[in-house]
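Residue numbers (the UniProt record's numbering): 1 to 387.
Glycine is no exception: its CB is placed at the ideal position from the N, C-alpha and C atoms.
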Amino acid sequence: MPVKNRFAELLPEITEWRQDIHENPEILFDTVRTAKVVEDKLKAFGCDEVATGIGRTGVVGVIKGKSTASGKVIGLRADMDALPILESTGLDYASKTPGAMHACGHDGHTAMLLGAAKYLAETRNFDGTVVVIFQPAEEGGGGGKEMCQDGMMDRFGIQEVYGMHNWPGIPTGQFAIRPGGFFASTDQFEIRIVGKGGHAAQPNKTVDPIVTTSSLVTALQSVASRNVDPIEQIVISVCSIESSSKAFNVIPDAVTIKGTIRTMSKETRALAETRLKAIATSTCTAFGATADIRWIPGYPAMVNSEEQTEFAASVATEVSGACELADLTMGGEDFAYMLEERPGAYILVGNGDSANVHTPEYNFNDEAIPAGCSWWAGLAERRMPAA
Ligand SMILES: [Zn+2]
Ligand SMILES: [Zn+2]
């Protein structure tokens, strides 16, 4: 099963969809036009069911195979949202909305999954059910989480779920995947260190939160170096330190620090949170100050299931001749929530030698479409072979 001929035929049409979505980017949950485009197309393809308003602006389509005797149901997920970036590609189909841009290629993801849906609804050459999932707000809004909270997995009986992201730097249409922890959790923390301010020349009459903070920032690094198993990944970055004093001769009452913790597993994530809180509290106590800690949960770590990863890689190998082992990334991915609810896998498809995602020069590479669509279709046909 190399790239399916049908997708070579459909390429001009899918490219047109992709460029239309590119021209009309929408941010976070505001993917109203995009969701309508998706809904209309899924209905035109003859999907057995098209549901809207899941996770606010999410859309789900159901495609039944020639038979459904296997009882298998797999979910295929794409994201639809753009980023608040001013596009500088100069393309003739560049964003018509200044300050919004498809700079992460979600236009390509949506178009590829639509292409696969069209093919699967046409051919139905499988024994089971395919659920195509189009989610809003991947870029920090937790659209995938909201779709799960709306009961999507149970409502459509989804048993396993697959996702794909384009990746600059991987040759166009080639694939890379990784079992286990793949994308990081993205929690934030904010700690207010409260002491007692005063004259810089009389520190003995103060509880200096600057000195306390200096020790705390250093001590926090011991979570990574002394608490977490050295073979586990973790990043702790303090990115902002703000004093309530702006003067050179006034010791402040308080200092606020902000940062992020990235991990690859539930266990490390929980350990990091516990240790951060303990170190902040006890360091402040040791200096006579107090710590007011805010833990702001982000996306969980995205963990690929072993068996589904192996299967996804085998389909990718059939499409493109190989599937590489992907590097870990400490970035986050909202698909993590779907993988917390169901086993599944997330794969990278090469975008070639393009500008990086999240930059104003980036563009999705339409030449990746046939491979991406073939992978989606191959998942359905291979996982649920026609009787
Ligand atoms: Zn992104
Ligand atoms: Zn993305």
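For ligand 1, any of its heavy atoms closer than 7 Å to the Cβ of residue i?
i           : result
residue 323 : no
residue 22  : no
residue 223 : no
With respect to 7 Å, is the separation between the Cβ of residue i and the closest non-hydrogen atom of ligand 2 below this value?
i           : result
residue 104 : yes
residue 138 : yes
residue 353 : no
residue 349 : no
residue 366 : no
residue 357 : yes
residue 79  : yes
residue 165 : yes
Secondary structure at residue i, three-state DSSP: helix, strand or coil?
i           : result
residue 5   : helix
residue 170 : coil
residue 26  : coil
residue 234 : strand
residue 175 : strand
residue 381 : helix
residue 37  : helix
residue 162 : strand
residue 304 : strand
residue 309 : helix
residue 100 : coil
residue 263 : strand
residue 408 : Since the first residue of the chain shown is 1 and the last is 387, residue 408 is not available in this structure.
residue 64  : strand
residue 115 : helix
residue 299 : coil
residue 268 : helix
residue 21  : helix
residue 187 : strand
residue 369 : helix
residue 52  : strand
residue 85  : coil
residue 396 : Because the chain in this structure spans residues 1 to 387, residue 396 falls outside the shown range and cannot be described.
residue 250 : strand
residue 358 : coil
residue 93  : coil
residue 229 : coil
residue 245 : coil
residue 31  : coil
residue 105 : coil
residue 334 : coil
Who are residue i's beta bridge partners in DSSP?
i           : result
residue 43  : According to DSSP, which records beta bridges pairwise, residue 43 is partnered with nothing at all.
residue 196 : 207
residue 126 : 385
residue 72  : In DSSP, residue 72 forms no bridge with anything.
residue 240 : 258
residue 282 : In DSSP, residue 282 forms no bridge with anything.
residue 202 : Answer by DSSP bridge pairing: none, since residue 202 is not bridged.
residue 347 : 164
residue 79  : 135
residue 291 : 193
residue 329 : 183
residue 323 : 175
residue 59  : 52 and 134
Check the C-beta distance from residue i over to residue j and give it rounded, since I have them as a contact under 8 Å.
i           : j           : result
residue 223 : residue 275 : 5 Å
residue 163 : residue 335 : 4 Å
residue 370 : residue 173 : 7 Å
residue 149 : residue 72  : Not quite, the Cβ-Cβ distance comes to about 25 Å (not below 8 Å), so this is no contact.
residue 193 : residue 289 : 6 Å
residue 77  : residue 264 : With a Cβ gap of about 21 Å, residue 77 and residue 264 do not count as contacting.
residue 154 : residue 68  : In fact, because the Cβ distance is near 18 Å, the residues do not count as touching under 8 Å.
residue 279 : residue 220 : 6 Å
residue 171 : residue 209 : The pair is not a contact, with the Cβ atoms about 52 Å apart (cut-off 8 Å).
residue 299 : residue 352 : Incorrect: roughly 27 Å between the Cβ atoms, too far for contact.
residue 131 : residue 55  : That pair is no contact at about 14 Å.
residue 250 : residue 197 : 7 Å
residue 190 : residue 258 : 5 Å
residue 80  : residue 123 : Wrong, their Cβ atoms sit about 25 Å apart, outside the cutoff.
Answer yes if the segment 95-106 comes into contact with the segment 56-69, meaning at least three C-beta pairs across the two stretches below 8 Å, and no otherwise. no
Do three or more CB pairs link the segment 177-187 to the segment 351-358 at distances below 8 Å? no
For the pair the segment 139-147 and the segment 22-29, tell me if three or more CB-CB distances fall below 8 Å. yes
Cβ contact check for the segment 80-87 and the segment 338-355: 3 or more pairs under 8 Å: no
For the 8 Å Cβ check, are there 3 or more pairs between the segment 110-117 and the segment 202-211? no
Can you confirm whether the segment 209-219 touches the segment 361-375 when touching is taken to mean that 3 or more C-beta pairs between the two stretches lie within less than 8 Å? no
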